[in-house]
Amino acid sequence: SLNAAIEAEKAGEYGRGFAVVATEVRRLADQTAVATYDIEQMVREIQSAVSAGVMGMDKFSEEVRRGMFEVTQVGEQLSQIIHQVQALAPRVLMVNEGMQAQATGAEQINQALVQLADASSQTVDSLRQASFAIDELSQVAVGLRSGVSRFKV
């Protein structure tokens, strides 16, 4: 645009049309410089946004990797717990069988104690009857003694 302006000056009156073109070229060059600067700024902003996005994706990828590692660890621990529970199942069954045997034994003991209580009650009744009979025999014996003592030989 500078060369066009110089040539327009040299041409004088004949170069006025050329001067208008030179002015327009200069204006377009200035607009192009401003637009280039704006585009440069936009490219920088886009690069910055892309860099931030890449950093965010890297961070997210690392978090996903850590999450997967933790999930794997939890899965392994759950697997160990399942194996331990499965190993305990036969023991629990044995304890259950033992408790059932103890419950059966306790029921048998309870029945024996009920029978013993019944037998004790019957024994108490029999002893009361025997005591009553002994008292009657004692009275009869006292009566016999007094009757025999009247007959002294």
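First residue of the sequence shown? That's 1 in the UniProt record's numbering, and the numbers climb one at a time after it. Even glycine gets a Cβ: it sits at the ideal position worked out from N, Cα and C.
Q) Can you tell me whether A22 is buried or exposed, with buried defined as 16 or more other CB within 10 angstroms of its CB? A) Along the sequence shown, one-based indexing puts residue 22 at 22. Buried.
Q. Nearest-angstrom Cα distance between R26 and V54?
A. Along the sequence shown, one-based indexing puts residue 26 at 26. Along the sequence shown, one-based indexing puts residue 54 at 54. So the alpha carbons of these two residues sit roughly 41 Å apart.
Q. So what does DSSP say about F60, is it helix, strand or coil?
A. Sequence index remark: in the sequence shown, residue 60 carries index 60 (1-based). Residue state, collapsed to three classes: helix.
Q.
Can you look up F69 in the DSSP assignment and give me helix, strand or coil?
A. Here the question's residue 69 lines up with position 69 in the sequence shown. Helix at F69.
Q: May I have the straight-line CA-CA distance separating V92 from R65, to the nearest angstrom?
A: Walking along the sequence shown from the start, residue 92 turns up at place 92. Walking along the sequence shown from the start, residue 65 turns up at place 65. Using only the alpha carbons, I get a separation of about 40 Å.
Q: Could you have a look at F151 and say whether DSSP puts it in helix, strand or coil?
A: The residue labelled residue 151 in the question sits at position 151 within the sequence shown. Coil at F151, not helix or strand.
Q.
For L28 and V50, I'd like the C-alpha separation in whole angstroms.
A. Within the sequence shown, residue 28 is the residue found at index 28, counting from 1. Within the sequence shown, residue 50 is the residue found at index 50, counting from 1. Looking at the two C-alpha atoms, the distance is approximately 32 Å.
Q: Enumerate in chain order the residues of its own chain whose CB-to-CB distance from Q41 is below 8 Å, with the five nearest sequence positions on each side excluded.
A: In the sequence shown, the residue the question calls residue 41 occupies position 41. Nothing listed; no residue qualifies.
Q: Using the Cα positions of T36 and F69, report the straight-line distance between them to the nearest angstrom.
A: If you number the sequence shown from 1, residue 36 lands on position 36. If you number the sequence shown from 1, residue 69 lands on position 69. Computed Cα separation, rounded: 48 Å.
Q: Would you tell me roughly how many angstroms separate the C-alpha atoms of K59 and I46, rounded to the nearest one?
A: For this step, residue 59 is matched to residue 59 along the sequence shown. For this step, residue 46 is matched to residue 46 along the sequence shown. Taking the straight line from one Cα to the other gives about 19 Å.
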